[in-house]
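**Student:** Please see the structure below; I have some questions.
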Amino acid sequence: MTDERMWGSGKIWAARLVLLAVFFVFWEWAANSKLVDPILIGRPTGIVQYLWQEVFVTQSLLSDFYWSMGGTVIAFVLGSVSGVLVGMLFVTSPTTEAVFNPIFTALNAMPRLALAPLFIIWFGLGLGSKVAVGVSLTFFIVLTSTVAGGRGVNPDHITLARTLGASESQIFRKFVLPSAVPVIFNGLRLGLVFALLGVIGAELFASEHGLGQTLSVLAASFKTDGVFGIIFLLSMIGVGISWGMTSLENRLLRWR
Amino acid sequence: MNIAMNPTQTKASAGTVAKPAPSSIIFDKVSVVFETAKLTAVSEFSLNIAPGEFVSIVGPSGCGKTTLLNFAAGLLPSSAGRGTMLVNGKPPVTGSHDVAYMLARDALAPWRTALGNAELGTEVRGVPAEKRRARALDLLEKVGLKGFEDAYPKALSQGMRQRVALARTFSLDSPILLMDEPFGALDAQTKLQLEDVLLSLWQRERRTVLFITHDLSEAVSMSDRVIVMSSRPGRIIADVPITLGRPRSVRALQKEAHYHELYSQVWSRLEEGLSQ
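Heads up: the protein sequence lines correspond to chains A and B, in order.
Position one of the first sequence corresponds to residue 6 (this note's numbering), numbered consecutively onward.
Position one of the second sequence corresponds to residue 62 (this note's numbering), numbered consecutively onward.
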């Protein structure tokens, strides 16, 4: 049974590799034979060469990577902590929510990347403006999921808590908060991806450092191999983030 | 093993049954009216339940039996109730430590293990950690869940979950237990098993139980008295003493003639009430 399943997943992996190999070989051939201009699509061998050179030889991409990831982590921490705190405030005080809700809805409706030029004027070309865009995205995502999670408490738990004589703070700590955690976690996972999006997006506009800034320089000088190389790196980072959050969730929320 | 109880609240240590004078729960001409819905749920309901007595209320759905229980638990707005209601000599208050309440659904916290759920009630009521842990472990063993202490509710069957809820309820040292159809969602076999578990827990301490059910056989097999209610607005139409010996086994009763006589007696009274 297990043998069969392993054999099955081995076949699936083999099929994936063959498919990818065929795709890259065709891409390389299309560029070399000028079926499509290499300026438009680059070359797989050129992309590998670029990444090898910039990651392992000159290591110039490493410092960009650290700048972008640093900004992402700071934006995520600030945005999610404030999102959870404000969300909890809304759950415990519906009046506060009633006051702020329409304002926040309007702010959240703004295309945040359009604020990037403004943030660059306010916070400069450094990390500050990138973090600001990331926070402006992460905060609302985490806020929304925290409020949804806090509202989703099982009414039976509240009845039980009341007959036990639980205080408001006990109801919150022992029932509302733990039952909200899975929903908040979904928000955090999405929030981290959006923090990365905000930081990279802001770097594309104007920046001193970062993968987004390098990407925009490469694109402006038609170095297509480099553009693809960085896009590949960014998607690897995204996959890594999702995977990390999922394994963290599985560990913390074993009871689900 | 006996559960340590607050001495002032203990009316019976295991084995001996003392009978203090005051009633444990008193309903005196209690009516419950929900003004907004213009609904009289219960009308002039009077009932005295002695300490240590196991009383069931049966009646058609919508007769207000759960409303009465919620009134005793202090879960109704004070404006809804008329008449006098005393629980352990005091008007009902939400969260009173005199009362342990058990819901129809198990209300387990899915993020807590069986042990964590069994000590949830005592934790909220401020019982010291070591004491509540010992009590929860003892009760989990008594409800037949030894070895499942670290299991999360998702891994437990319906019957096992309700056993955890029983352990949570009996961990509290409240002298009065209010139970709202706690076995209503279980299949027939599991139900019989859990009724026996409940009786074995109750027989050790003889706390006062007010048990709501629509299941006549459940009421007859477990109770000292069965109160039969009419359909809305709920009134008492019969108060039947159940003259079966203690300790009992619900499963053994199924084959006993006297049990079936009592059952048909209660059933005919309920039938009268339904046809009125």
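Just so it is clear, CB atoms sit at the ideal spot from N, CA and C, and this is done for glycine as well.
Given the structure is predicted, the values throughout are model-derived calculations rather than measurements.
1. Just verifying my parser: in three-state terms, what is the DSSP assignment at residue 303/B?
2. Return the residue from the list 297/B, 320/B, 317/B that minimises the CA-CA distance to residue 330/B.
3. With a CB to CB cut of under 6 angstroms and the five nearest residues on each side skipped, what residues in its chain are close to residue 231/B?
4. Provide the residue(s) that pair with residue 269/B in DSSP beta bridges, ordered along the chain.
5. Which same chain residues end up closer than 7 angstroms to residue 179/B when comparing Cβ atoms and leaving out the 5 residues on each side of it in sequence?
6. Of the residues 241/B, 279/B, 88/B, 119/B, which one's Cα is nearest the Cα of residue 248/B?
7. Can you check whether the CB of residue 185/B is closer than 8 angstroms to the CB of residue 200/A?
8. Count Cβ pairs between the segment 187 to 195 of chain B and the segment 182 to 197 of chain A that sit closer than 8 angstroms; are there 3 or more?
9. Using the Cα positions of residue 284/B and residue 308/B, report the straight-line distance between them to the nearest angstrom.
10. Do you know whose CA, among 34/A, 58/A, 203/A, 55/A, lies nearest residue 74/A's CA?
11. Pull up the CB-CB distance for residue 206/A and residue 121/A, whole angstroms please, since I reckon it's below 8 angstroms.
12. Chain A partners of residue 270/B, CB-CB under 7 angstroms?
13. In terms of residues, what are the limits of the alpha helix (DSSP H) holding residue 131/B?
14. Considering only DSSP beta bridges, list what residue 145/B is partnered with.
15. Taking 8 angstroms as the limit between beta carbons, can you name the residues of its chain near residue 232/A, skipping five residues before and five after?
16. Let me know if residue 213/B comes out buried or exposed under the rule of 16 or more other beta-carbons within 10 Å of its beta-carbon.
17. Tell me which residue opens and which closes the beta strand (DSSP E) that residue 73/A is part of.
18. How big is the Cα-Cα spacing for residue 259/B and residue 251/B?
19. Where do the ends of the alpha helix (DSSP H) carrying residue 191/A lie?
20. Excluding the 5 residues flanking residue 258/A on each side, which residues of the same chain have their C-beta closer than 8 angstroms to its C-beta?
21. Which complete alpha helix (DSSP H) runs does the segment 169 to 233 of chain B hold, if anything under 4 residues is left out?
22. As an exercise, report each continuous alpha helix (DSSP H) stretch of at least 4 residues that is fully enclosed by the segment 92 to 140 of chain A, in chain order.
23. Hey, quick one: how far does the alpha helix (DSSP H) through residue 53/A stretch, first residue to last?
24. Considering only the alpha carbon of each residue, which of 72/A, 143/A, 172/A, 251/A lies closest to residue 130/A?
25. Per the contact definition of three or more C-beta pairs closer than 8 angstroms, is the segment 148 to 161 of chain B in contact with the segment 204 to 213 of chain B?
26. Can you give me the Cβ contacts of residue 130/B inside the same chain, cut-off strictly under 7 angstroms, excluding the 5 residues immediately before and after it?
27. So, for residue 139/A: in the same chain, excluding its five sequence neighbours on each side, which residues have a beta-carbon less than 6 angstroms away from its beta-carbon?
28. Quick check on residue 258/A: does DSSP put it in helix, strand or coil?
29. Relative to the C-alpha of residue 113/A, which candidate in 169/A, 146/A, 92/A has its C-alpha closest?
30. Since residue 151/B sits in a beta bridge, which residues does DSSP pair it with?
31. Give the straight-line distance between the Cα atoms of residue 23/A and residue 30/A, rounded to the nearest whole angstrom.
32. Taking 8 angstroms as the cut-off, does the segment 107 to 123 of chain B touch the segment 143 to 159 of chain A (at least 3 CB pairs, one atom from each stretch)?
**Tutor:** Taking the definition as stated:
1. Here the question's residue 303/B lines up with position 242 in the second sequence. Residue 303/B falls in the coil class under three-state DSSP.
2. Start at 1 with the first residue of the second sequence, and residue 330/B comes out as number 269. Nearest of 297/B, 320/B, 317/B to residue 330/B, Cα basis: 297/B.
3. One-based indexing of the second sequence puts residue 231/B at position 170. For residue 231/B, where only same-chain residues beyond five positions count, the Cβ hits under 6 angstroms are 200, 262.
4. As a working note, residue 269/B is residue 208 in the second sequence. 237/B.
5. Start at 1 with the first residue of the second sequence, and residue 179/B comes out as number 118. Cβ neighbours of residue 179/B beyond the five flanking positions: 197, 200, 201, 225, 228, 229, 232.
6. For the purposes of this step, residue 248/B is identified with residue 187 of the second sequence, where counting begins at 1. Among 241/B, 279/B, 88/B, 119/B, the Cα nearest to that of residue 248/B is on 279/B.
7. Along the first sequence, read from residue 1 onward, the residue named residue 200/A stands at position 195. Along the second sequence, read from residue 1 onward, the residue named residue 185/B stands at position 124. For the 8 angstroms CB-CB criterion, residue 200/A and residue 185/B do not form a contact.
8. no
9. Taking the second sequence and counting its residues from 1, the one referred to as residue 284/B is at position 223. Taking the second sequence and counting its residues from 1, the one referred to as residue 308/B is at position 247. It is roughly 11 angstroms from the alpha-carbon of residue 284/B to the alpha-carbon of residue 308/B.
10. By one-based count along the first sequence, residue 74/A stands at place 69. The shortest C-alpha separation from residue 74/A is found at 203/A.
11. Residue numbering aside, residue 206/A sits at position 201 when the first sequence is read from its first letter. Residue numbering aside, residue 121/A sits at position 116 when the first sequence is read from its first letter. With 8 angstroms as the limit, residue 206/A and residue 121/A qualify as a contact, their Cβ atoms being about 6 angstroms apart.
12. Locating residue 270/B in the second sequence gives position 209, counting from the first residue. Listed by position along chain A, the residues whose Cβ is nearer than 7 angstroms to that of residue 270/B form an empty set, because the closest Cβ is around 15 angstroms away.
13. One-based indexing of the second sequence puts residue 131/B at position 70. Start and end: 126 to 133.
14. Locating residue 145/B in the second sequence gives position 84, counting from the first residue. Paired residues: 89/B.
15. Start at 1 with the first residue of the first sequence, and residue 232/A comes out as number 227. Cβ within range, chain order: 47, 220, 223, 224.
16. Counting from 1 along the second sequence, the entry for residue 213/B is found at position 152. Buried, since its Cβ has 16 or more Cβ neighbours within 10 Å.
17. For the purposes of this step, residue 73/A is identified with residue 68 of the first sequence, where counting begins at 1. No beta strand (DSSP E) holds residue 73/A; the alpha helix (DSSP H) holding it covers 65 to 97.
18. If you number the second sequence from 1, residue 259/B lands on position 198. If you number the second sequence from 1, residue 251/B lands on position 190. Spanning the two alpha carbons is a distance of roughly 12 angstroms.
19. Stepping through the first sequence from its first residue, residue 191/A is reached at position 186. Unbroken alpha helix (DSSP H) run through residue 191/A: 182 to 210.
20. On the first sequence, residue 258/A is found 253 positions in, with the first residue counted as 1. Only 186, 187, 190 meet the Cβ criterion.
21. 175 to 179, 181 to 185, 190 to 203, 219 to 232
22. Along the segment 92 to 140 of chain A, the alpha helix (DSSP H) occurs as fully enclosed runs of 4 or more residues at 99 to 114, 121 to 128, listed in sequence order.
23. As a position in the first sequence, residue 53/A is number 48, starting the count at 1. That run of the alpha helix (DSSP H) goes 49 to 56.
24. As a first step, residue 130/A must be located in the first sequence, where it is residue number 125. For the residues 72/A, 143/A, 172/A, 251/A, the minimum Cα distance to residue 130/A belongs to 72/A.
25. no
26. Working through the second sequence from its first residue, we reach residue 130/B at position 69. Around residue 130/B: 239, 241, 271, 273.
27. The count along the first sequence starts at 1 and reaches residue 139/A at position 134. Closer than 6 angstroms at Cβ, skipping near neighbours: 80, 200, 203, 204.
28. Translated into the one-based positions of the first sequence, residue 258/A becomes position 253. In this structure, residue 258/A counts as coil in the three-state DSSP scheme.
29. As a first step, residue 113/A must be located in the first sequence, where it is residue number 108. Ranking the options by Cα distance to residue 113/A, first place goes to 146/A.
30. Mapped onto the second sequence, residue 151/B falls at position 90. According to DSSP, residue 151/B bridges with 148/B.
31. In the first sequence, counting from the first residue as 1, residue 23/A sits at position 18. In the first sequence, counting from the first residue as 1, residue 30/A sits at position 25. Distance between the alpha carbons of residue 23/A and residue 30/A: 10 angstroms.
32. no
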